[in-house]
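Student:
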Amino acid sequence: MKFASSLTFVALAALEATCTPVELAERATPTLYLAGDSTMARNGANDGSTDGWGQYIANYVTIPVVNKAIGGRSARSFSNEGRFTEIEGLVQSGDIVVIEFGHNDGGSPNGSDDNGRSDCPGTGDETCTSGATGETVYTFNHYVEGAAQSYLAKGAKVIVSSQTPNNLWETGTFQPSAPRFVGYASVAADQIGSADAAFLDHFQATANAYQSLGNEGTNALYPNDHTHTSPEGADLNARAFAEAISANMNGTTPLGDYIK
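Spelled out as structure tokens, the structure:
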């Protein structure tokens, strides 16, 4: 009997070794993972009065949420710090990962004052050299698409989300111009080239809500600066995200079946 049990163990081990991630059974209930910056992170800017929308999305979905967003990060620094890789180690087949960056990705890495966050301009294979460290710096799309592909390889699904808006009523008039990383996120989702990867224009979804809310109501959501929202603003951003998913604003997404 011990010999038979050993053979069974060997057979099962061999079967598991030959299975690719996408052949493994999906979780009965997927988990939603979030990768982003302070506008998504718990406690927002860590100033006691702001919060990130990732803390509120659980109010609008029917599946567990793991918020791995952290303040001050860009797609580049999130990658270099191993945070995308950390999520890769956690996801299982059927899980969903939202990737949302842009607020900290601007600037140029070429100067001696490179802050370790600025991406190389472009949406393809362009590279730059950090003027501070000599590091080879890649594009926003390189970092986002590389992370997405690593999750897809494990059987997970990905939503590339555009960044939340800054205060679009800051000047007293509604100014809905989108920063370039909104377009970059859309291009990234397209270049990933998978039916399990989708784009969600969180910027536009929230901008629509701000336009309806008006000047006074929107300004009340930004207690300290034009980027970080109050808990009420974070909840609005989460609701806008969920409603855009539910309405298929940019087409169907892997999260559509799990909106309350």
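Going by mature numbering (1 follows the signal peptide of the UniProt record, and there is no 0), the letters in the sequence shown line up with residues -19 to -1, 1 to 241, in that order. All residues carry an ideal CB built from backbone N, CA and C; glycine is no exception. Please read these numbers as outputs of a predicted model, since none were measured by experiment.
1) How long is the line joining the alpha carbons of residue 239 and residue 110, rounded to whole angstroms?
2) Just list the beta strand (DSSP E) runs in the segment 37 to 74, keeping only unbroken ones of 3 residues or longer that don't cross its boundaries, in chain order.
3) By the 10 Å Cβ neighbour count, where 16 or more other Cβ atoms means buried, how is residue 229 classified, buried or exposed?
4) Can you tell me whether residue 143 is helix, strand or coil according to DSSP?
5) Below 6 Å CB to CB, which residues in the same chain sit around residue 223 once its five sequence neighbours on both sides are set aside?
6) Considering only residues of the segment 97 to 182, which uninterrupted beta strand (DSSP E) runs meet the minimum length of 3 residues and lie entirely inside it, listed in chain order?
7) Who are the near neighbours of residue 8 in its chain, counting only those whose CB is closer than 8 Å to its CB and skipping five residues on each side?
8) How about residue 129 and residue 118: are their beta carbons less than 7 Å apart?
9) Counting C-beta neighbours from all protein chains within 10 Å, is the total for residue 197 16 or more, i.e. buried, or is it exposed?
10) One question on the structure: do residue 55 and residue 86 come within less than 7 Å of each other, judged by their Cβ atoms?
11) Where does residue 87 sit, in a helix, a strand or coil, going by DSSP?
12) Are there three or more Cβ pairs, one per stretch, closer than 8 Å when the segment 208 to 218 is compared with the segment 20 to 38?
13) Identify, in the order they occur along the chain, each residue of the same chain with its Cβ nearer than 7 Å to the Cβ of residue 84, setting aside the five sequence neighbours on each side.
14) Between the alpha carbons of residue 92 and residue 11, how many angstroms are there, rounded?
15) Do the CB positions of residue 142 and residue 202 come within less than 7 Å of each other?
16) Output the boundary residues of the beta strand (DSSP E) element that contains residue 17.
17) Compute the beta-carbon to beta-carbon distance between residue 105 and residue 58, rounded to the nearest angstrom, for a pair I have assumed lies under 8 Å.
18) When you compare the CB positions of residue 165 and residue 231, do they come within less than 7 Å of one another, or not?
19) Taking residue 240 as part of the beta strand (DSSP E), name the residues at either end of that continuous run.
20) When the Cα of residue 133 is compared with those of 82, 99, 66 and 27, which residue comes out closest?
21) Could you compute how far the alpha carbon of residue 2 sits from the alpha carbon of residue 177?
22) The beta strand (DSSP E) spanning residue 250 covers which residue range?
23) Rounded to whole angstroms, how far is the Cβ of residue 183 from the Cβ of residue 215, which I believe are closer than 8 Å?
24) Please state if the CB of residue 137 and the CB of residue 78 are separated by a distance shorter than 7 Å.
25) How is residue 195 classed by DSSP in three states: helix, strand or coil?
Tutor: The structure says:
1) In the sequence shown, the residue the question calls residue 239 occupies position 258. In the sequence shown, the residue the question calls residue 110 occupies position 129. Residue 239 and residue 110: Cα-Cα distance of roughly 42 Å.
2) 46 to 48
3) Within the sequence shown, the letter at position 248 stands for residue 229. Label assigned to residue 229: exposed.
4) What you label residue 143 is simply residue 162 of the sequence shown in a count that begins at 1. Three-state result, residue 143: coil.
5) In the sequence shown, residue 223 corresponds to position 242, counting from 1. Only 41 and 240 meet the Cβ criterion.
6) 108 to 110, 117 to 119, 138 to 142 and 178 to 181
7) Locating residue 8 in the sequence shown gives position 27, counting from the first residue. Excluding positions up to five away in sequence, the list reads 73, 74, 75 and 76.
8) For the purposes of this step, residue 129 is taken as the residue at position 148 of the sequence shown. For the purposes of this step, residue 118 is taken as the residue at position 137 of the sequence shown. It is not a contact, given that the beta carbons lie outside the stated cut-off.
9) Your numbering for residue 197 matches position 216 in the sequence shown. The residue is exposed, with fewer than 16 neighbouring Cβ atoms inside 10 Å.
10) Counting from 1 along the sequence shown, the entry for residue 55 is found at position 74. Counting from 1 along the sequence shown, the entry for residue 86 is found at position 105. In contact: residue 55 and residue 86 (Cβ atoms closer than 7 Å).
11) Position 106 of the sequence shown, counting from 1, holds the residue named residue 87. Three-state result, residue 87: coil.
12) yes
13) Taking the first residue of the sequence shown as 1, we reach residue 84 at position 103. Excluding sequence neighbours, residue 84 sits near 18, 20, 144 and 208.
14) Position 111 of the sequence shown, counted from the start, is the residue given in the question as residue 92. Position 30 of the sequence shown, counted from the start, is the residue given in the question as residue 11. About 43 Å.
15) On the sequence shown, position 161 is the one that residue 142 refers to. On the sequence shown, position 221 is the one that residue 202 refers to. No.
16) Translated into positions along the sequence shown, residue 17 becomes position 36. 13 to 17 is the span of the beta strand (DSSP E), which, as asked, contains residue 17.
17) Here the question's residue 105 lines up with position 124 in the sequence shown. Here the question's residue 58 lines up with position 77 in the sequence shown. 20 Å between Cβ atoms; not a contact.
18) Position 184 of the sequence shown, counted from the first residue, corresponds to residue 165. Position 250 of the sequence shown, counted from the first residue, corresponds to residue 231. Going by C-beta atoms, residue 165 is not nearer than 7 Å to residue 231.
19) Residue mapping note: residue 240 aligns to position 259 of the sequence shown, counting from 1. Careful: residue 240 lies outside any beta strand (DSSP E) and carries neither H nor E.
20) Sequence index remark: in the sequence shown, residue 133 carries index 152 (1-based). Minimum Cα distance to residue 133 is reached at 66.
21) Reading the sequence shown from its first residue, position 21 is the one you call residue 2. Reading the sequence shown from its first residue, position 196 is the one you call residue 177. Note on residue 2: pLDDT 43, under 50, position unreliable in the model; the coordinate value appears next. Approximately 14 Å, taken between the alpha carbons.
22) Nothing in the structure corresponds to residue 250, since the chain is present only between -19 and 241.
23) Looking up residue 183 in the sequence shown gives position 202. Looking up residue 215 in the sequence shown gives position 234. With 8 Å as the limit, residue 183 and residue 215 do not qualify as a contact, their Cβ atoms being about 12 Å apart.
24) Translated into positions along the sequence shown, residue 78 becomes position 97. Translated into positions along the sequence shown, residue 137 becomes position 156. Yes, Cβ-Cβ distance for residue 78 and residue 137 is below 7 Å.
25) The sequence position of residue 195 within the sequence shown is 214, counting from 1. Helix, per DSSP.
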